[in-house]
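Engineer:
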Amino acid sequence: MKAALVHGKGDIRIEEYPTPSAGEGEIIVRTKVSGICATDIKTLLGQGLPKDLPTILGHEVVGEIAECGKTVSGYHVGDRVAVYPIAVCGKCHFCKKGRHNLCENEFGLAHGIEGGFAEYVRLPKEIVNIGGVVKLPDDLSYEKAVLTEPLSCVYASLKTCKVEAGSHVLILGAGPMGLMHLKMAKWAGAKVISVDLLDERLETARKMGADYCLNPGKTDHKAEIRKITDGKGAETVIASLGIPSVIEEHLTLTRKGGTFNIFGGPPAGQMISVDPRWLHYCEINLTGTFAASPVQFRECLDIIIRNEIEVEDIISDRFSLDDFLKAVERARNQKMIRGIVVF
Ligand SMILES: [Zn+2]
Ligand SMILES: [Zn+2]
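Take 136 as the starting number for the sequence shown in this note's numbering and just add one per residue.
1. Can you look up Arg441 in the DSSP assignment and give me helix, strand or coil?
2. Check for me: the alpha helix (DSSP H) holding Gly313 runs from which residue to which?
3. Just list the beta strand (DSSP E) runs in the region 186-266, keeping only unbroken ones of 3 residues or longer that don't cross its boundaries, in chain order.
4. Buried or exposed: where does Gly145 fall if 16 or more other Cβ atoms within 10 Å of its Cβ makes it buried?
5. His235 and Val216: beta carbons closer than 9 Å?
6. Output the boundary residues of the alpha helix (DSSP H) element that contains Leu349.
7. Please state whether DSSP places Leu386 in a helix, a strand or coil.
8. May I have the straight-line CA-CA distance separating Ala157 from Ile200, to the nearest angstrom?
9. Which residues does DSSP pair with Ile171 in a beta bridge?
10. Using three-state DSSP, classify Lys297 as helix, strand or coil.
11. Are the region 203-210 and the region 177-184 in contact at 8 Å, needing three or more beta carbon pairs?
12. Does DSSP put Ile407 in a helix, in a strand, or in coil?
13. Which partner residues does Val372 have in the DSSP bridge list?
This is the structure in structure tokens:
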């Protein structure tokens, strides 16, 4: 099969690679669409690059079942499916509590096993057994279905923040995941304030329903946010970026009793300082979220199936696997909202 193989930092090559076959309990999916996530780009540029190289990145996969291993039941060759990308044990303390993304034995597509930037993907029994291979209705396009995974991550984020209708959600960053947060927050009935340094991104946020769009490079955005929220700050603040200084600078825009969620993965080794008196007397929830549970993944697929959130307009660029290097370049230069690889 053809695959995008990562050989090292910034070194990705389109090459022939052995096509996987299904072991006991495993499923092989013929990839139809693979989403390109910020994590893939960060990894490719050296942040958290796995030791065993070459490897195949990509954890947002939809396609058609090409082979079912022995003991797999309920699935057939030709089934159209979306894939929850984390393989979990189902037995540890965290799995039993339904917090699968915190599993002590987790691995998954693009970390530990080969991912979706390839013509075929092997899904281990740990993904199959937790219902991580989810069948798609015939009339749902692969392009919509591939957005289930990123949507589930923002769904988990807003669940943790307990976003209520009518409340203010301040979203720092209007990149692809900031825009996904915006869509999910509007779905929850919240008022959204989008903040970004790039006007093009804010323009997209405005088109997607943001109530307020602020560029810190051009306005005193903090004063504006205080005005919008009657001086109280936002009930929910989401850092949909991983820049510690930006996180630190915006903490106090959280309303008393509100939640600040660090959603974007920050780089290792950088600290922020937090006033414990403020945390205590203002009863602030300072938290983080990443990924989602298999249940949340299926709930998000249902939201997409019911057309409750329009997701497709997040896709700005479509590439073939042969053009993968172009995709990396465009993502690195923040030239695209969200790119997908179509097989
Ligand atoms: Zn992702
Ligand atoms: Zn577990």
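Even glycine gets a Cβ: it sits at the ideal position worked out from N, Cα and C. Computed from a prediction, not measured in an experiment: that's the story for all the values here.
Structural biologist: The structure says:
1. coil
2. 311-322
3. 195-203, 215-218, 242-244, 255-258
4. exposed
5. no
6. It is not in any alpha helix (DSSP H) - Leu349 instead sits in the beta strand (DSSP E) that spans 347-349.
7. helix
8. 11 Å
9. The beta-bridge partner set that DSSP reports for Ile171 is empty.
10. coil
11. no
12. coil
13. Leu305, Phe395
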